[in-house]
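Enquirer: Note that this note's numbering has the sequence shown beginning at 1, numbered continuously upward.
The C-beta atom is built at its ideal place from N, Cα and C for all residues, glycine as well.
Quick caveat: nothing in here was measured; it's all calculated off a predicted structure.
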Amino acid sequence: LPTRSRQTSSLREFMEKQLLARLEGVSLTGADGPRLPNTSSLIISGVDGEILLMNLDMEGFCVSTGAACSSGSQEPSQALLAMGLSRQEAQSSLRVSLGWETTETDILKFVEVLVSVVNRLRTIGREYELSATL
């Protein structure tokens, strides 16, 4: 790989390690296969991908749900479903792309915000489920 691609791939791996260490219920999609050096596909259990996307957007982070080939669709990504993911997993997916100028500091800020947003959404979800059973 060219130098820039290696650097970006290292940052992606750094981000993924941070997320796996700091956030329960996160898994990587396609981590064992060949991937673009700047893209990470995550499944974050317990949150809806679209709601997560909107919350991250309000925090200043642009991410996507599903796979690139399904952008703009409200249906789960056919590519993720074909990889064996359930509908729920595909709807909980998040695609994060790094830019050429992304830094380790940017990654740490993103991870901090993502952890905070996911924990908040999970708490709201649990409270909603609890109130629905009362």
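1. With respect to 8 Å, is the separation between the Cβ of asparagine 38 and the closest non-hydrogen atom of the ligand MN below this value?
2. Just to check my reading of the structure: isoleucine 51 and glycine 25 have Cβ atoms closer than 8 Å, yes? What is that Cβ distance to the nearest angstrom?
3. Classify threonine 65 as buried or exposed, calling it buried when 16 or more other Cβ atoms lie within 10 Å of its own Cβ.
4. Return the first residue and the last residue of the beta strand (DSSP E) that serine 97 is part of.
5. Rounded to a whole number of angstroms, what is the C-alpha to C-alpha distance between valine 111 and methionine 15?
6. Tell me whether the beta-carbon of serine 41 lies closer than 9 Å to the beta-carbon of threonine 29.
7. How many whole angstroms separate the CB atoms of arginine 95 and valine 63, which I take to be in contact at a CB cut-off of 8 Å?
8. Which residue or residues does DSSP assign as beta-bridge partners of leucine 42?
Expert: From the atom records:
1. With respect to small molecules bound, the structure shown includes none, and the ligand MN cannot be examined in it.
2. At roughly 15 Å, the Cβ-Cβ gap does not stay under 8 Å, so isoleucine 51 and glycine 25 are not in contact.
3. Threonine 65 comes out buried.
4. 93-97 is the extent of the beta strand (DSSP E) around serine 97.
5. Taking the straight line from one Cα to the other gives about 7 Å.
6. Going by C-beta atoms, serine 41 is nearer than 9 Å to threonine 29.
7. Right, the Cβ-Cβ distance comes to about 6 Å (below 8 Å), so this counts as a contact.
8. Per DSSP, Leu28, Leu94.
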